[in-house]
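Let me begin by presenting the structure, written as structure tokens, before commenting on it.
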Amino acid sequence: MGNYKSRPTQTCSDEWKKKVSESYAIIIERLEDNLQIKENEFQELRHIFGSDEAFSEVSLNYRTERGLSLLHLCCVCGGNKSHIRALMLKGLRPSRLTRNGFPALHLAVYKDSPELITSLLHSGADVQQVGYGGLTALHIAAIAGYPEAAEVLLQHGANVNVQDAVFFTPLHIAAYYGHEQVTSVLLKFGADVNVSGEVGDRPLHLASAKGFYNIVKLLVEEGSKADVNAQDNEDHVPLHFCSRFGHHNIVSYLLQSDLEVQPHVINIYGDTPLHLACYNGNFEVAKEIVQVTGTESLTKENIFSETAFHSACTYGKNIDLVKFLLDQNAVNINHRGRDGHTGLHSACYHGHIRLVQFLLDNGADMNLVACDPSRSSGEKDEQTCLMWAYEKGHDAIVTLLKHYKRPQEELPCNEYSQPGGDGSYVSVPSPLGKIKSMTKEKADVLLLRAELPSRFHLQLSEIEFHEIIGSGSFGKVYKGRCRNKIVAIKRYRANTYCSKSDVDMFCREVSILCQLNHPCVVQFVGACLDDPSQFAIVTQYISGGSLFSLLHEQKRILDLQSKLIIAVDVAKGMEYLHSLTQPIIHRDLNRPPIGYSIPKPISSLLIRGWNACPEGRPEFSEVVSKLEECLCNVELMSPASSNSSGSLSPSSSSDCLLSRGGPGRSHVAALRSRFELEYALNARSYAGWSQR
1 MGNYKSRPTQ
11 TCSDEWKKKV
21 SESYAIIIER
31 LEDNLQIKEN
41 EFQELRHIFG
51 SDEAFSEVSL
61 NYRTERGLSL
71 LHLCCVCGGN
81 KSHIRALMLK
91 GLRPSRLTRN
101 GFPALHLAVY
111 KDSPELITSL
121 LHSGADVQQV
131 GYGGLTALHI
141 AAIAGYPEAA
151 EVLLQHGANV
161 NVQDAVFFTP
171 LHIAAYYGHE
181 QVTSVLLKFG
191 ADVNVSGEVG
201 DRPLHLASAK
211 GFYNIVKLLV
221 EEGSKADVNA
231 QDNEDHVPLH
241 FCSRFGHHNI
251 VSYLLQSDLE
261 VQPHVINIYG
271 DTPLHLACYN
281 GNFEVAKEIV
291 QVTGTESLTK
301 ENIFSETAFH
311 SACTYGKNID
321 LVKFLLDQNA
331 VNINHRGRDG
341 HTGLHSACYH
351 GHIRLVQFLL
361 DNGADMNLVA
371 CDPSRSSGEK
381 DEQTCLMWAY
391 EKGHDAIVTL
401 LKHYKRPQEE
411 LPCNEYSQPG
421 GDGSYVSVPS
431 PLGKIKSMTK
441 EKADVLLLRA
451 ELPSRFHLQL
461 SEIEFHEIIG
471 SGSFGKVYKG
481 RCRNKIVAIK
491 RYRANTYCSK
501 SDVDMFCREV
511 SILCQLNHPC
521 VVQFVGACLD
531 DPSQFAIVTQ
541 YISGGSLFSL
551 LHEQKRILDL
561 QSKLIIAVDV
571 AKGMEYLHSL
581 TQPIIHRDLN
591 RPPIGYSIPK
601 PISSLLIRGW
611 NACPEGRPEF
621 SEVVSKLEEC
631 LCNVELMSPA
641 SSNSSGSLSP
651 SSSSDCLLSR
661 GGPGRSHVAA
671 LRSRFELEYA
681 LNARSYAGWS
691 QR
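For the sequence shown, the residue numbers in UniProt numbering are 1 to 692.
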């Protein structure tokens, strides 16, 4: 039995095929390199091959910088069969290789020129000659996907089952690259469909893995007919590959009853095709396998103690797949593998927090323990899913589990490990979680510095701090000055709490604010990004404070017109946020974040009106006159002249401002009410004093 925590994500054949793919990419690159002719050389060659006189006078020792002879160049630069015959009669050998390792025949095939191929073969070129990578000309035709070139070569005696340096035949290559017509030609000339590559891979394995449905049908139905249950060196059958890579149409085809595919066969890791479909989140494939072949595969465990349900939880990104499996009678949400781990363990270990929440909501028992099979039988290392999450640094899941109510108890889980653990205190952030968080934060800040336009980059030395105008868990908000503007400055504290840090919140807020530009959204001035200890966001300053303050602290009464103006501007700001290419949800739209800005003439009048010294206050007639003047002045009420435009900050973590200055009528009523109230209070006080 293998240790689940050491389960490899790649098989040996995966690594091998990766190397094979890289080697063929190099071959194609070298072939392309042979076709690259410099402009001066190309013009000279056009002259040579375009004039019989020039061709007759050219030296047989002519070479390009890449080592191409005239015979190679004849295949690359527009020569014809008469040129080839003439050159070979003069003694040029067709077997001579370029510096990249290819004879003229390979280049003629890669240029897809049946006429030149035929001429070379008639003039003595060896159809079986091997070039770079052990490839024959027929391999090149299979790589490039040229059926006519392949047919010409086969008609002249090319070995249809010849193998290259990685033991691939032309049929392997055609199946690997999806060249259907070349596959048909090779099958017509008797290609062996069951020949093995270096790791036992057949052409059907390759076509099934790549998803080439028509080629799969050709291999199964034509010629010698491929073995649908053939296994490679790791015991994979074709159904394993198409299940793993999600090729539903091929899975459906192979599961036809007349093909007699074995649907529950296992590889050397104990994986059925259903396991591989679930490990890769292929819902439709998994559903097809279960519905067509029954539930046998649902109860099989691989060497890592995982059923198909465990596998789906290991993948963790397809909750619909998990739901489907739980709907099957053979599946129990708390089934424990041979090592004791459950699907919840698998989801916790890989950090799938949404799936963890889903499993807990559907009855998964978070107190079940798994044992480490690598320990000796005398030592028990029993671990809950919480410990698995903690080990991998998934602190958000640890926090979720610690505060999730146990099924058998009324009290929520505390900070200690569950029964079966070692009883040690489990605190977050975990060691690995802290490293992950720090690494991610640094990467986020570096990315933000690179993407933020230079005009928004600020230095803390550019900012002049005045009084504090607000505070919160994030830090404090100051009124200040920056670049000759009165601004609001939000200073962050770079402290990390659990897995959500202020650095993350800061980066997200800046990345959102810098993209916004609307009269009803607070204007972003810039941000300080040099160091978390200096993080600051600088925005437009809204002088009138919040609507909450206006209504509940200043006790002002707004008339209907003022209320409607505020509501319209709020709606405009929200409409802008919601209509962006990537819409933004505000999530904090209430009275405190709505700022109410008063036109400057009115605000100066009110400042005089609330003067502590009665002699400094204006006469009431002057107040009425000034406010009526403001009501008649349309320009005064416009955002451009009065600086009374509203602003909305869309960040979910910030105190945002949205408003437009209301008309003076509401201020007149408020001021008059306040004066009348103070007059009444003063009158009563005076009367009481005089009675004494």
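Every residue gets a Cβ at the ideal spot worked out from N, C-alpha and C, and that includes glycine.
> Would DSSP call cysteine 528 helix, strand or coil?
Replying inline: strand
> So serine 224 packs on valine 193, CB below 8 Å; how close in whole Å?
Replying inline: Yes, they are in contact, since the Cβ atoms of serine 224 and valine 193 sit about 5 Å apart, within 8 Å.
> Got a sec? Which residues, its chain only, sit under 6 Å from valine 265 by beta carbon, not counting five neighbours each side?
Replying inline: Hits under 6 Å: Val237.
> Going straight from the alpha carbon of glutamine 10 to that of tryptophan 16, what length do you get?
Replying inline: 10 Å
> glycine 393 and histidine 352: beta carbons closer than 7 Å?
Replying inline: no
> With 16 as the cutoff for other CB atoms within 10 Å, does proline 583 come out buried or exposed?
Replying inline: exposed
> On the premise that valine 290 lies in contact with glycine 246, defined as a C-beta separation below 8 Å, what is that separation, rounded to the nearest angstrom?
Replying inline: Between valine 290 and glycine 246 the Cβ distance is about 15 Å, and since that is not below 8 Å, they are no contact.
> Who are phenylalanine 465's beta bridge partners in DSSP?
Replying inline: Gly480
> From which residue to which residue does the alpha helix (DSSP H) around alanine 104 run?
Replying inline: 104-110
> Mind checking whether alanine 330 and threonine 295 have CB atoms under 7 Å apart?
Replying inline: yes
> Measuring CB to CB, does lysine 81 end up less than 7 Å from glutamate 115?
Replying inline: yes
> Nearest to cysteine 12 by CA position, among Gly480, Gly340, Asn362, Asp201, is which residue?
Replying inline: Asp201
>> Using a Cβ-Cβ cutoff of less than 8 Å, which residues in the same chain neighbour threonine 299 once the five nearest sequence positions on both sides are dropped?
In response: Thr307, Ala330
> Which residues share a DSSP beta bridge with alanine 536?
Replying inline: Arg491, Cys528
> Using the beta-carbon count (16 or more within 10 Å), is threonine 539 buried or exposed?
Replying inline: buried
>> Measuring only the C-alpha atoms, how far is asparagine 34 from arginine 66?
In response: 7 Å
>> Rounded to whole angstroms, what is the Cα-Cα separation between aspartate 395 and alanine 364?
In response: 19 Å
>> Taking only three categories from DSSP, how would you classify glycine 470?
In response: strand
>> Using the Cβ count rule (16 or more neighbours within 10 Å means buried), how would you classify glutamate 410?
In response: Note that glutamate 410 scores 43 on pLDDT, short of 50, meaning its location in the model is unreliable; the coordinates nonetheless yield the value given after this. Classification for glutamate 410: exposed.
> On the premise that leucine 206 lies in contact with alanine 175, defined as a C-beta separation below 8 Å, what is that separation, rounded to the nearest angstrom?
Replying inline: In this structure alanine 175 touches leucine 206 by the C-beta definition: roughly 5 Å separates them, less than 8 Å.
>> Let me confirm a value: aspartate 320 is counted as buried when at least 16 other C-beta atoms fall within 10 Å, else exposed. Which label applies?
In response: exposed
>> Quick check on the burial criterion: 16 or more other C-beta atoms within 10 angstroms. Buried or exposed for asparagine 249?
In response: exposed
> According to DSSP, what are the bridge partners of lysine 485?
Replying inline: Per DSSP, Cys482.
> Do leucine 120 and proline 94 have their CB atoms nearer than 7 Å?
Replying inline: yes
> For cysteine 514, which three-state DSSP category applies?
Replying inline: coil
> Counting along the chain, where does the alpha helix (DSSP H) carrying serine 437 start and finish?
Replying inline: 431-451
> Can you list, in chain order, the residues of its chain whose CB lies under 8 Å from that of valine 76, leaving out five sequence neighbours each side?
Replying inline: Asn34, Leu35, Ile37, Leu68, Leu107, Lys111
>> For a test of the three-state rule: what should DSSP assign to alanine 567, helix, strand or coil?
In response: helix
>> Across the stretch 509-529 and the stretch 547-566, are there enough close Cβ pairs to call them in contact, namely three or more that are closer than 8 Å?
In response: no
>> If you reduce the DSSP assignment to three classes, tell me which class leucine 458 lands in.
In response: Secondary structure at leucine 458: strand, using DSSP grouped into helix, strand and coil.
> How would you call aspartate 258, buried or exposed, if buried means at least 16 neighbouring beta carbons within 10 angstroms?
Replying inline: exposed
> Is serine 56 helix, strand or coil by DSSP?
Replying inline: helix
> Which partner residues of alanine 370 appear in the DSSP bridge assignment?
Replying inline: Gln383
> Unbroken alpha helix (DSSP H) runs of length 4 or more, entirely within the UniProt repeat "ANK" (169-198): which are they?
Replying inline: 170-177, 180-188
> When burial is assigned at 16 or more other CB atoms within 10 Å of the CB, is glycine 573 buried or exposed?
Replying inline: buried
>> On the criterion of 16 or more Cβ atoms from any shown chain inside 10 Å, does cysteine 74 qualify as buried, or is it exposed?
In response: buried
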